[in-house]
Amino acid sequence: MYRSSGSRVLESNVLRGLRAQALRSIFVANDPDIVISVKGLTKSYGNFEAVRGIDFEVRRGEVLALLGPNGAGKTTTVEILEGFHDRDSGEISVLGADPSHRDRELRAKIGIVLQACAVDPFLTVTEAITQRAGLYSNPRPVGEVVDLVGLEAKRRARIKTLSGGQQRRLDLGLALVGDPELIFLDEPTTGFDPSARRESWALVRGLCAEGRTVVLTTHYMDEAQALANSVTVIVAGKVVASGPPDTLGGRDRGETTVRFTLPSGVTVDDLPTPLGICPRVRHHAVEFSLPDATTFLHDLTGWAVARAETLEHLTVKRPSLEDVYLSLTGEVDELEELEE
Amino acid sequence: MNDLLIAKDQLRYEQKAYWRNPVAAVFTFMFPVVFLLVVGTGAGSGKIANSSLRYNQYLVVTMLVFGLISACYTNLGITLCIRRDSGVLKRIRGTPISIGSYVGGIIGSVVINVALITLLVVGIGMVGYNLHFPYHLAAAVITLLVGVLTFCALGLAVTAIVPNGEAAPAVINGTFFPVVFISGVFYPINNESVLSQIATFFPVRHLVKGLVGAFENGPGSGFQVRDILIMLIWAVGALVFGLRKFRWEPRHR
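Chains as they are written, first to last, in my numbering: chain A, 1 to 340; chain B, 1 to 253.
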């Protein structure tokens, strides 16, 4: 009696679990807000394991930045999602479809900017965009795209006469002309001057505001910081950290660094050092790392004012995305030179 | 958008890009015309053994062969290699265009170029060198079409042995010129000669013989079935090899 009811309980628990799992998987598969889902993705080239089990999700309207050193597997991952390469194993879904099937319907909803500009050099800007527009059922107006990427003045220029940055902008225009829901940008602002980069960032923000989703690979930490809702760091084919750029790798909990130059005639022992904190000194430069610098700064500046000393080169720094990235990827620079 | 319209669009842009790139156009169009005018005029209208064609008339036919091979094998092969290595092909593959529309547009543009060079060269021959309108029109058209098929297939196949875009002109011209030279394109060769025996292995000689047959009259003229079949064997072999080895992307960096 006991046994049979127990096994019934067990059975119904298992069934309930299975049902919940099935529901969840239907829910996930049909959740229109999940634009990309990657689970356990692997890919090898010969003996080289380029991607060794990567998982992430991208939601609609989000910018996901994939960061990582060269050869970490970022481009391989992105190119599998774009449908250029088949995976070895893992589950992936892009806009609800499997990109390895290379459906035209899926390709029509995706815009791709590859690392190299790739357009016939003998066509003009307008011609290249017009031709590309012809491949989509609801393209954006060509003139609008030309304006969007800031190539109005180069409308009739042959592509081979454009500068590197202008060609990248044309690339972006070509990726956008099909009015895609999902856009892959592989190092999109390499070779841009600072103002062109800012303009591109504004463009990407505008795309997301319209509900489009962007997957960005970049080497510029300021770009990831400026654009991404979510950052995934890939090292040697694996995800080592992911999260919003402000909290990635415990960045929000990281210590604040206060640096300044020791006034002449003052030793470290004269400073109002908080209890249990040991400053690092090199020549005349002093560095304090502490969880909360508020009180210390108050004490320090109060001390300096009372003694009529000037704290030259005073800086207060929170860990930047780059600091976190470098420590995650094991590319930490040796203690920054503190001397003047 | 329907695939046929997209192919037509592709063809239009292929033609635009082609005529804006002087190197390819000069080689394919200027070379046969200039050679025909200079050598054809200089060498005159002497008789050729075992043929109803005069020497300059023979050159009209072989310069058509030269133009056709240049438009199909050389231009197509180099274009595909450069597009592959600069990432154009990869980029195209990421758009919703069908492979049929893209390839159709490219081949359509090649066919237009071959038609233009045919009109140009045969026109010069008929006006300047008393060349008769092909006695065997069907044979001429079919031989030309088989020639386009064969040398486009070879243009595709050669991309598999070209390592990168910069090497494309060297590899492609390096295989094109020697074969064209021994196949009787610049001067008539005796079928029994050693060169001709070697040339018989390659498809160029068969295109020359097929087209000469279509422009001649008298015994032995008309459809050169054997030559057409040998070209078709080359076409099938090149297509199978080319499609199997085709790469959309540059070799791994």
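Idealized CB from N, CA, C, for every residue including glycine.
Item	Value
In this structure, does DSSP put residue 62 of chain B in helix, strand or coil?	helix
What's the C-alpha gap between residue 42 of chain B and residue 131 of chain B?	17 Å
Given 8 Å as the limit, is there contact between the stretch 121–137 of chain B and the stretch 52–63 of chain B, that is, 3 or more CB pairs closer than that?	yes
Specify the secondary structure class of residue 189 of chain B as computed by DSSP and reduced to three states.	coil
Under 7 Å between the Cβ atoms of residue 61 of chain B and residue 177 of chain B?	no
Quick one: is residue 255 of chain A near chain B, going by C-beta distance under 7 Å?	no
Using the Cα positions of residue 62 of chain A and residue 228 of chain A, report the straight-line distance between them to the nearest angstrom.	7 Å
Scan the stretch 141–163 of chain B for residues whose Cβ lies nearer than 7 Å to a Cβ of chain A and list them as they occur along the chain.	none
Pick out the complete beta strand (DSSP E) segments inside the stretch 146–199 of chain A, 3 residues or longer, and give them in chain order.	182–186
Cβ of residue 75 of chain B less than 7 Å from any chain A Cβ?	no
Give the secondary structure of residue 270 of chain A by DSSP, where H, G and I count as helix, E and B as strand, and everything else as coil.	helix
Could you check how far apart the C-beta atoms of residue 163 of chain B and residue 108 of chain A are, in whole angstroms? I think they sit under 8 Å.	With 8 Å as the limit, residue 163 of chain B and residue 108 of chain A do not qualify as a contact, their Cβ atoms being about 34 Å apart.
Taking just the CA atoms, how far does residue 139 of chain A sit from residue 232 of chain B?	42 Å
Could you give the residue range of the beta strand (DSSP E) that holds residue 317 of chain A?	312–317
Would you call the stretch 116–127 of chain A and the stretch 175–183 of chain A in contact, with 3 or more CB pairs under 8 Å?	no
Report the option in A/158, A/254 and A/315 whose CA atom is closest to the CA atom of residue 260 of chain A.	A/315
Extract the residue ranges of the alpha helix (DSSP H) inside the stretch 73–121 of chain B, only unbroken runs of 4 or more that lie entirely within it.	77–86 and 88–93
Taking 6 Å as the line, does the beta carbon of residue 123 of chain B fall inside it for any heavy atom of the ligand PLP?	Among the components of this structure there are no ligands whatsoever, and the ligand PLP is therefore not found.
Please compile the residues from chain B whose C-beta is within a distance smaller than 7 Å of the C-beta of residue 112 of chain A.	94
Is residue 325 of chain A helix, strand or coil by DSSP?	helix
Straight-line CA distance for residue 27 of chain A to residue 94 of chain A?	Confidence is the limiting factor: at residue 27 of chain A the pLDDT is only 47, short of 50, which leaves the residue's position unreliable and the question unanswerable from this model.
If you reduce the DSSP assignment to three classes, tell me which class residue 91 of chain A lands in.	strand
Taking the CB atoms as reference points, tell me whether residue 403 of chain A and residue 224 of chain A lie closer together than 7 Å.	No information on residue 403 of chain A is available, as it lies outside the stretch 1 to 340 that chain A covers here.
Per DSSP, which one or two residues make a beta bridge with residue 53 of chain B?	None; residue 53 of chain B has no bridge partner.
In this structure, how does DSSP classify residue 196 of chain B when only helix, strand and coil are distinguished?	helix
Excluding sequence positions up to five away, which residues of its chain have a Cβ less than 6 Å from the Cβ of residue 262 of chain A?	284 and 286
Taking residue 116 of chain A as the reference, which of B/113, B/85 and B/105 has the closest Cα?	B/85
Could you check whether the Cβ of residue 97 of chain B sits closer than 7 Å to any Cβ belonging to chain A?	yes
Can you look up residue 252 of chain A in the DSSP assignment and give me helix, strand or coil?	helix
Candidates B/199, B/226, B/146 and B/169: which alpha carbon is nearest residue 24 of chain B's?	B/169
To the nearest angstrom, how far is the alpha carbon of residue 219 of chain A from that of residue 82 of chain B?	28 Å
Beta-carbon separation of residue 319 of chain A and residue 212 of chain A under 7 Å?	no
Spell out whether any CB of chain B is found under 7 Å from the CB atom of residue 122 of chain A.	yes
For residue 98 of chain A versus residue 43 of chain A, is the C-beta spacing smaller than 7 Å?	no
Unbroken alpha helix (DSSP H) runs of length 4 or more, entirely within the stretch 102–142 of chain A: which are they?	104–108 and 125–133
I'd like to check one pair, residue 237 of chain A with residue 51 of chain A: are the Cβ atoms closer than 7 Å?	yes
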